[in-house]
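Heads up: the structure comes next, in structure tokens.
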Amino acid sequence: MKNILLISVVFLFSCNSQKEEAPIAEKNSVEEVIPQTPYVMVLGVSQDAGYPQMNCKKECCAAAWNNSALQKTTSCLSIVDSITNEQWIIDATPNIKKQLQLLKSKTGTEKIDGVLLTHAHMGHYTGLMHFGREVMGTNGIPVFAMPKMAIFLEENGPWSQLVELENISLRKLKSDSTFSLNENIKVKPFLVPHRDEFSETVGYKITINNKSLIFIPDIDKWEKWETNITELIKKV
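Residue numbering for the sequence shown follows my numbering, starting at 2 and increasing by one per position.
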């Protein structure tokens with residue numbers, strides 16, 4: 002079972018307090034408060050194939066097959082800047098269509114300004130297929146990836162066609178090197194131990210207004226990692 006680590010996910014809200022004499026809204030609905038600062042939103046929490054998985058006949062899966070409310074999409078995190086109206090996702094999962102609709106339900110748009118990839122296993126990059134001319138036909142969406150991950154996309158079809166047709170624009174990352182998504186959001190990739198058949202595997206440290214979170218959607222065992230996870234959490 003995969004380890005999904007989502008630490009110190011901070012939703013920061015800034016809203017004006019209402020005065021006592023404020024008129025009562027005629028609608029019988031409560032409007033959702035939109036954070037006035039960058040924030041993250043969880044779009045999925047399950048293993049590569051989602052929950053339940055195909056061909057799973059265990060009791061846990063049977064319950065989800067019989068009750069769609071129990072079903073979960075693949076691990077994915079969005080980063081939203083409501084100040085600049087920009088949004089990014091970490092990993093392009095097989096459930097990207099549904100996940101971008103979920104994002105749209107909160108922010109008003111499914112348009113994304115970039116994708117940050119963690120590694121080349123099916124649950125983390127295959128959603129890129131929707132950017133091709135068969136579906137969205139996107140124009141130069143930034144795709145942030147480590148060197149081996151970028152080479153994998155450049156040299157293997159059908160992903161190479163996304164590069165050749167400029168549906169995506171690869172932005173190569175360096176481990177432990179911080180970069181900025183915009184003036185409000187900084188991100189640092191770091192290597193974690195995993196089955197790296199086709200690429201490196203990374204987690205991300207995301208810093209927003211001096212507040213940080215760590216996102217690690219995949220790792221073999223904490224004991225295999227040179228970094229002490231407890232100490233890392235203390236520094237976040």
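Heads up, the beta-carbon is just placed ideally off N, CA and C, and yes, glycines get one too.
Between which two residues does the alpha helix (DSSP H) carrying residue i extend?
i, result
"Val-81", "From DSSP, Val-81 is part of no alpha helix (DSSP H) but of the beta strand (DSSP E) over 77 to 82."
"Gln-162", "160 to 165"
"Phe-153", "148 to 156"
"Gly-238", "One cannot answer for residue 238 here, as it falls past the ends of the chain, which runs 2 to 237."
Under the DSSP definition of a beta bridge, which residues are partnered with residue i?
i, result
"Val-46", "In DSSP, Val-46 forms no bridge with anything."
"Pro-143", "Ser-170"
"Val-203", "Leu-192"
"Tyr-52", "Lys-73"
"Glu-1", "A question about residue 1 goes unanswered here, because the residues of the chain that appear run from 2 up to 237."
"Lys-58", "Answer is none; Lys-58 lacks a bridge partner."
"Thr-38", "DSSP output for Thr-38 lists no bridge partner at all."
"Lys-187", "Ser-181 and Thr-208"
Excluding sequence positions up to five away, which residues of its chain have a Cβ less than 8 angstroms from the Cβ of residue i?
i, result
"Thr-119", "Ile-91, Asp-92, His-125, Thr-202, Val-203, Gly-204, Tyr-205, Pro-218 and Asp-219"
"Leu-233", "Ile-215"
"Pro-213", "Looking at the sequence provided, one finds Ser at residue 213 rather than Pro. The answer, listed in chain order, is Ser-9, Lys-206, Ile-207 and Val-237."
"Asn-140", "Glu-167 and Asn-168"
"Thr-127", "Ala-93, Thr-94 and Pro-95"
"Ser-176", "Met-147, Pro-190, Phe-191, Leu-192, Glu-201 and Val-203"
"Glu-155", "Ser-161, Val-164 and Leu-171"
Below 6 angstroms CB to CB, which residues in the same chain sit around residue i once its five sequence neighbours on both sides are set aside?
i, result
"Asn-185", "Pro-39 and Asp-82"
"Leu-117", "Ile-91 and Phe-145"
How is residue i classed by DSSP in three states: helix, strand or coil?
i, result
"Asn-67", "helix"
"Leu-103", "helix"
"Leu-118", "coil"
"Glu-27", "The pLDDT assigned to Glu-27 is 38, lower than 50, so where the model puts this residue is not dependable, and the model offers no usable value."
"Lys-112", "coil"
"Lys-222", "coil"
"Lys-98", "helix"
Note down, in chain order, each residue of its chain lying with its Cβ closer than 7 angstroms to the Cβ of residue i, except the 5 sequence neighbours on either side.
i, result
"Ile-5", "Confidence is the limiting factor: at Ile-5 the pLDDT is only 41, short of 50, which leaves the residue's position unreliable and the question unanswerable from this model."
"His-195", "His-120, Thr-202, Asp-219, Ile-220 and Asp-221"
"Glu-111", "Leu-101, Gln-102, Leu-104 and Lys-105"
Looking at the unbroken beta strand (DSSP E) that takes in residue i, where does it start and where does it end?
i, result
"Leu-233", "No beta strand (DSSP E) contains Leu-233, which is instead part of the alpha helix (DSSP H) from 230 to 236."
"Met-214", "Reading off the sequence, residue 214 comes out as Leu, not Met. 212 to 217 is the extent of the beta strand (DSSP E) around Leu-214."
"Ser-181", "180 to 183"
Cβ contact (3+ pairs, closer than 8 angstroms) linking the segment 97 to 106 and the segment 186 to 200: Output reads no: the segment 186 to 200 does not touch the segment 97 to 106.
contact_flag[the segment 155 to 175, the segment 222 to 231] where n(CB pairs < 8 angstroms) is 3 or more: no
Segment contact flag, the segment 81 to 88 with the segment 50 to 62, C-beta cutoff 8 angstroms, min 3 pairs: no
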